[in-house]
Each structure stands twice: as structure tokens, then as C-alpha cells.
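Engineer: Numbering (my numbering), first residue to last: 63 to 250.
For every residue, glycine included, the Cβ atom is placed at its ideal position computed from N, Cα and C.
1) Secondary structure at residue 219, three-state DSSP: helix, strand or coil?
2) What span of residues does the alpha helix (DSSP H) with residue 202 cover, start to end?
3) Tell me the residue span of the beta strand (DSSP E) that contains residue 84.
4) Using 10 angstroms around the beta-carbon of residue 129, count the other beta-carbons present and answer buried if the total reaches 16, otherwise exposed.
5) Within a Cβ cutoff of 8 Å, which residues of the same chain sit near residue 116, ignoring the five residues on either side of it in sequence?
6) In its own chain, which residues sit with a C-beta less than 6 Å from the C-beta of residue 131, not counting the 5 before and 5 after it?
7) Could you compute how far the alpha carbon of residue 214 sits from the alpha carbon of residue 155?
8) DSSP three-state label for residue 149, please.
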């Protein structure tokens, strides 16, 4: 469960998020909709602990993102608007790298194989990320968010720049992920 109370974020004289409060229960798929500059990405960055709020609080499964960030972040998988990919790595190398960064305790090989199958990247598992299409790069970004099997997935603009077929595929994947995860996604 995610609980946000009185969230405010200011950049100097500009207010990006003004007094946002909401609750998202386990297993829900929730969308943040709005034009560019509406505060969607800022809110998501605060939820994940990548950015601090000016005021307000965020709790992930009862853990405050500022007071107990390690426990809160263990429960979150995050796909930023620009996926944090290393283009000189293969998909396999990259997912193993993220697995180590997250200090995942699930059995490595079967866990990564299951994620690759789920997001349909097993056929490009040994290719360099730089040689993948935009759609496959998004899938690799979603795969890294799934490592460690987090309860909550936060996906910032997961379909931006994709063609209509890829958009449908990613939306179907998100619907499938919503069966076992709480999902927050943004779109304009």
C-alpha cells in the first residue's frame, strides 16, 4: 500500500506539486495523467526516494521513504522516463548488474530468466542494448524494475516514443503485471 499525505515540492518560486494526498491499495493499477510539466514525474521521483519533498510524507507498505528509505525502496521497482540502460552491455550483463546492485536474494538464473520471459526479451538476451529497438529498450527497463520482485512498480511514461503496436504490447504487459504488483504509471 502507498500512502501520500500533503505532498509539496517547490523549486525556488515554482511549485511543481501542491498538497497531493492519495492512497493506493495493494494490487491496484493507477495512472497519473496530465500534460508535460504537471508534476507527474516529480511526484514519482518523490515516491521512489530519488527526490525529496518540500513537505508532506510518503509511506510504502508502512515504511516512510525519508525515515526508512532502505526498507521502502526494497518494495519499489522504478522505470524512469529515460530508462537507465548501459548501451555497451548485453541485456544479460545489464540485468545481472542490476541484480547485484539491488542485492537480490532470489536465485539469480531462474529469477532473471522468468523476468526475461515475462517481458518478452528472452530472444534478445545476448544482444547489446545499443542495438535494440526503442520497444525492446523499454522492455529491458521494465525488466530491471522487476528484479527482486518488488510489490510496487512505478513506471514513468512507459509507452512514450513507441509505435502503436509496441504501445499495445506494453499496455498488455502492464495489465499482466497488475495481477501480482501494485502499478503506478504516468502518461500525458
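Structural biologist: Let me spell this out:
1) Indexing the chain shown from 1 puts residue 219 at position 157. In this structure, residue 219 counts as coil in the three-state DSSP scheme.
2) On the chain shown, position 140 is the one that residue 202 refers to. From DSSP, the alpha helix (DSSP H) with residue 202 extends over 196-208.
3) As a position in the chain shown, residue 84 is number 22, starting the count at 1. First-last of the beta strand (DSSP E) with residue 84: 76-86.
4) Counting from one through the chain shown, the residue named residue 129 turns up at place 67. Looking at its Cβ environment, which holds fewer than 16 other Cβ atoms inside 10 Å, residue 129 is exposed.
5) As a position in the chain shown, residue 116 is number 54, starting the count at 1. Taken in chain order, the residues that qualify are 70, 71 and 72.
6) The count along the chain shown starts at 1 and reaches residue 131 at position 69. Closer than 6 Å at Cβ, skipping near neighbours: 111.
7) Numbered from its first residue, the chain shown carries residue 214 at position 152. Numbered from its first residue, the chain shown carries residue 155 at position 93. So the alpha carbons of these two residues sit roughly 24 Å apart.
8) One-based indexing of the chain shown puts residue 149 at position 87. Residue 149 falls in the coil class under three-state DSSP.
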